[in-house]
Amino acid sequence: IKRITPDGTDEKTLKACQQLFFELYAKNWSNTCRPYDGIEETLGSLGKMGIRMAVLSNKPDFFTHLFVERYFPGRIFECVYGQREGFAKKPDPTVALAIAKSLSLQPPQMLFVGDTGIDIRTAKAAAMGAVGVSWGFRSAQELQKELPDIIINSPMELVQYVLSFS
Numbered sequence: 041i042k043r044i045t046p047d048g049t050d051e052k053t054l055k056a057c058q059q060l061f062f063e064l065y066a067k068n069w070s071n072t073c074r075p076y077d078g079i080e081e082t083l084g085s086l087g088k089m090g091i092r093m094a095v096l097s098n099k100p101d102f103f104t105h106l107f108v109e110r111y112f113p114g115r116i117f118e119c120v121y122g123q124r125e126g127f128a129k130k131p132d133p134t135v136a137l138a139i140a141k142s143l144s145l146q147p148p149q150m151l152f153v154g155d156t157g158i159d160i161r162t163a164k165a166a167a168m169g170a171v172g173v174s175w176g177f178r179s180a181q182e183l184q185k186e187l188p189d190i191i192i193n194s195p196m197e198l199v200q201y202v203l204s205f206s
C-alpha cells in the first residue's frame, strides 16, 4: 500500500487503504485467477511420486488458504503459509526453514520453486534448491539475475527435474 500511495501518506490513510484493498480483494480475487496450464497435472505427477509439497506465499495467509482450497482441493500440501502477522516475508528464510522442519527434511533436500527473484533469494537464504519458473510473474531473464540452480519453462519440466535426482 505504501508503494501505491503518494509519498508522505499518513498511517491512518494507509490503514484505511489497506482495509479497502482487503475488502475488494476478498470479493474479486478469483475473478481472473486460475492455476497456470499444466500445474494440476504436474502436482498430480509429483504426488504420485511421493514428493511432499508445501506452499509459501507473501499473499495474506487467509487468501493463500482460499486459493489452495479452491484450486487444489484434495491435493496434498502438507503446509500452506501465507503472510502472517509477526512473521517476516520472503525473502527472509524463517518460514521456509520452519516448513523444512515440519516436514522433517533438511533444507538441501528441498526445492523451492518460484516465479520471482524474491523466491530465488528465499531458496538461497534457506539453503534449498532454487528453481525459477519462466511461465509465472517474471521473465526468465529477470530470474536469471538471481542465479537460480535452474530455470524451467513448463510445469512438467519440474517433474523431469525432480526425476533427475532419483
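Heads up: the sequence shown begins at 41 in this note's numbering, then just goes up one per residue.
Glycine included, C-beta positions come from ideal geometry on N, C-alpha and C.
Everything numeric in this text was worked out from a predicted model, so none of it was measured.
Tell me which same chain residues have a C-beta within less than 8 Å of the C-beta of residue i, skipping the five on either side of it?
i      : result
Asn98  : Gly122, Gln123, Lys129, Lys130 and Ile158
Pro188 : Ile160, Ala163, Ala170, Val171 and Gly172
Gly78  : Ser194, Pro195 and Met196
Met89  : Val199, Val202 and Leu203
Val135 : Leu96, Tyr121, Phe127 and Ala128
Leu137 : Pro147 and Ala166
Ala180 : Gly172, Ser174, Ile191 and Asn193
By a C-beta neighbour count over all protein chains shown, 10 Å radius and 16 as the cutoff for buried, is residue i buried or exposed?
i      : result
Ile44  : exposed
Ala170 : buried
Met150 : buried
Thr156 : buried
Gly84  : exposed
Gly48  : exposed
Glu186 : buried
Asp178 : Note that residue 178 is Arg in the sequence shown here, rather than Asp. Answer is buried; the Cβ neighbour count reaches 16.
Phe205 : exposed
Thr82  : buried
Phe62  : exposed
Can you name, in chain order, every residue of its own chain whose Cβ lies under 7 Å from the Cβ of residue i, other than the five neighbours on each side?
i      : result
Ala167 : Pro147 and Pro148
Arg92  : Glu118 and Leu143
Arg110 : Ser70
Val28  : This structure gives no information on residue 28, because the portion of the chain shown stretches from 41 to 206.
Gln184 : Ile191
Gln58  : Ile41
Val153 : Val171, Val173 and Leu198
Could you check which residue in the options has the C-alpha nearest to that of residue i?
i      : options                        : result
Gly114 : Ile139, Gly87 and Ile191       : Gly87
Ala56  : Trp69, Glu186, Lys67 and Lys42 : Lys42
Pro133 : Ala165, Gly126 and Phe112      : Ala165
Pro174 : Tyr76, Phe61 and Glu80         : According to the sequence as given, residue 174 is Ser; it is not Pro. It is Tyr76.
Leu64  : Phe103, Glu182 and Arg74       : Phe103
Ala66  : Leu145, His105 and Phe112      : His105
Per DSSP, residue i forms a beta bridge with which residues?
i      : result
Gln123 : Pro100
Val171 : Val153 and Ile190
Phe205 : According to DSSP, Phe205 bridges with nothing at all.
Phe177 : Beta-bridge pairing links Phe177 to no other residue.
Between residue i and the rest of its own chain, which residues show a CB-CB distance below 6 Å, the 5 nearest in sequence each way excluded?
i      : result
Ile139 : Ala94 and Cys119
Pro100 : Gly122 and Gln123
Gly176 : Asp155
Glu80  : none
TODO: Note down, one range per segment and in chain order, each alpha helix (DSSP H) of at least 4 residues found wholly within the segment 57–111.
DONE: 79–88 and 101–111
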